[in-house]
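Taking it in order: structure first as structure tokens, then the write-up.
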Amino acid sequence: MSKKRKKSIPGFSADYRDAYNKPNGKINPVEPEEMEIDDFLPEDETGEDEELLTKWDDGLEPDEPEDSKEPEQPVAPQRTGTRRRRRYGVAVGSLVLLLALVGVCFIAGTIGKNIYRAATDDSKLRAYDSFLTTVVMQDPQPFASPDKANEEFVLDASLWKTITANGGSNYNSYDDSGRILVPLGDVVNACHELFGPDCQLQPKTPAKESFFEYDSEKNQFHVALYSSDSSFTPYTESAKKQGDTTVLRVGYVSPSDASRNQTTSAVVTPKPTKYMEYILKTNPSTKQEYIYAIRTPQDK
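By our numbering, the letter at position 186 of the sequence shown is numbered 694, and the numbering carries on one by one without gaps.
In structure tokens, the structure reads:
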């Protein structure tokens with residue numbers, strides 16, 4: 509059952525005993541002012557009134573107006589997280605810039621090295637030296653085409669190229685005098701490599717005493733090797749294209765040059781005693797260059 513507020517009126521009392529003693533069993537009516545106030549109040553089914561009164565009593569101190577409370581001071585927002593994010597962003601940005609700078613320096617250094625290597629790379633010129641060695645050592649006279657070249661010079665250069673190929677390890681057959689036996693076909697091939705496919709080799713025994721003899725019956729050469737230290741060696745200084753030819757500026761390095769007698773590991777640049785120009789053409793079948801002509805330099 510719902511609670512009822514029991515509140516008595518001050519100075520009021522009632523005696524109901526006499527009401528039941530009246531004749532006819534009638535009960536004296538109760539005066540309106542004698543009735544309890546609670547009888548006319550509606551029942552509070554939810555108890556909201558008492559709850560409201562309780563909240564009201566707890567919320568206010570006696571004689572303390574509601575407006576007397578001090579307003580709450582606004583709390584400054586916390587910026588710790590923002591500062592941390594900013595510091596993190598600065599650190600990441602600095603790292604990215606540092607890595608970018610390192611990358612730029614690395615690329616610049618690599619490009620610089622490649623340019624330097626390209627500018628100082630003379631491997632192709634030195635390859636020409638190897639190709640021209642057996643020709644320069646003969647100190648040939650200039651000629652305008654292979655068919656104009658001295659026949660003995662062509663034969664000597666071709667023989668030397670044949671026997672010095674692969675370090676001189678291609679032949680191990682000897683005659684009774686200890687001379688190497690070299691087939692004619694190998695010398696002809698060497699001649700075509702040096703002077704082109706149209707060059708005609710003339711195999712024969714030289715009229716003067718030489719380092720070889722030719723056996724026409726067996727089509728082979730009897731070759732006595734000797735040291736080439738007393739001969740010129742080539743030093744190719746430049747190569748340039750002129751139409752379908754390549755023009756080489758070749759220096760002749762004498763046996764007494766410091767570059768050929770150096771005893772230290774330091775590289776010594778040769779100082780040629782003279783220069784010649786070698787005109788090269790390309791063999792259409794092998795795609796390899798050969799010596800087409802030799803001439804004195806046009807620009808002295």
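The beta carbon of each residue, even a glycine, is placed where N, CA and C say it ideally should be.
Being a predicted model, the structure only gives us computed values, none of them experimental.
Euclidean distance between Cα positions of L606 and V598: 12 Å
Candidates P654, F719, I615 and T753, of which the one nearest S685 by Cα: F719
Minimum length 3: unbroken beta strand (DSSP E) runs contained in the segment 642-707: 688-691
7 Å Cβ shell around D694 - same chain, five flanking residues per side excluded: T670
Segments of 3+ residues assigned as beta strand (DSSP E) that fall wholly inside the segment 729-784: 741-750 and 753-761
Straight-line Cα distance separating N680 from I802: 34 Å
Cβ distance (whole Å) where E797 is taken to contact T744 below 8 Å: That belief does not hold up - the Cβ atoms of E797 and T744 are roughly 12 Å apart, past 8 Å.
Between the CA atoms of Y722 and A732 - distance to the nearest angstrom: 12 Å
Outcome for P805 when other beta-carbon atoms lying within 10 angstroms are tallied against a minimum of 16: exposed
Three or more C-beta pairs below 8 Å linking the segment 736-752 and the segment 635-647: yes
Beta carbon proximity, G675 to chain B, threshold 7 Å: The structure shown contains no chain B, having only a single protein chain.
Contact the segment 641-650 vs the segment 658-674: 3+ CB pairs below 8 Å: yes
Simplified DSSP state of A608, which is helix, strand or coil: helix
Three-way DSSP call (helix, strand, coil) for A801 in this model: strand
Host beta strand (DSSP E) of E721 (start-end): F720 to D723
Nearest residue (CA-CA) to Y800, options S602, A616, N678 and G704: G704
Supposed close pair K789, D765 - CB separation, criterion 8 Å: Actually they do not touch by this definition, with Cβ atoms about 30 Å apart.
In DSSP terms, what K789 is bridged to: Y798
Beta-carbon proximity of Y760 to P780, cut-off 7 Å: yes
A665 beta carbon less than 7 Å from that of T641: no
Coarse secondary structure for L633, derived from DSSP in three states: helix
Three-state secondary structure (DSSP) of I619: helix
Identity of the residue in Y682, V612, Q728 and T713 nearest V696 by Cα: Q728
Nearest neighbour of W668, chosen from S736, Q708 and D630 [CA to CA]: S736
Same chain, Cβ closer than 7 Å to S738, five either side skipped, listed in chain order: P763
L709 - DSSP class collapsed to helix/strand/coil: coil
Reduced DSSP category for A599 - H, G, I as helix; E, B as strand; rest coil: helix
Nearest-angstrom Cα separation, counted from P691 out to Y734: 19 Å
L756 and Y783 closer than 7 Å at C-beta: no
Contacting residues, own chain, Cβ-Cβ under 7 Å from K712 (five flanking each side not counted): Y722
Through-space distance from S677 to T794, alpha-carbon basis: 24 Å
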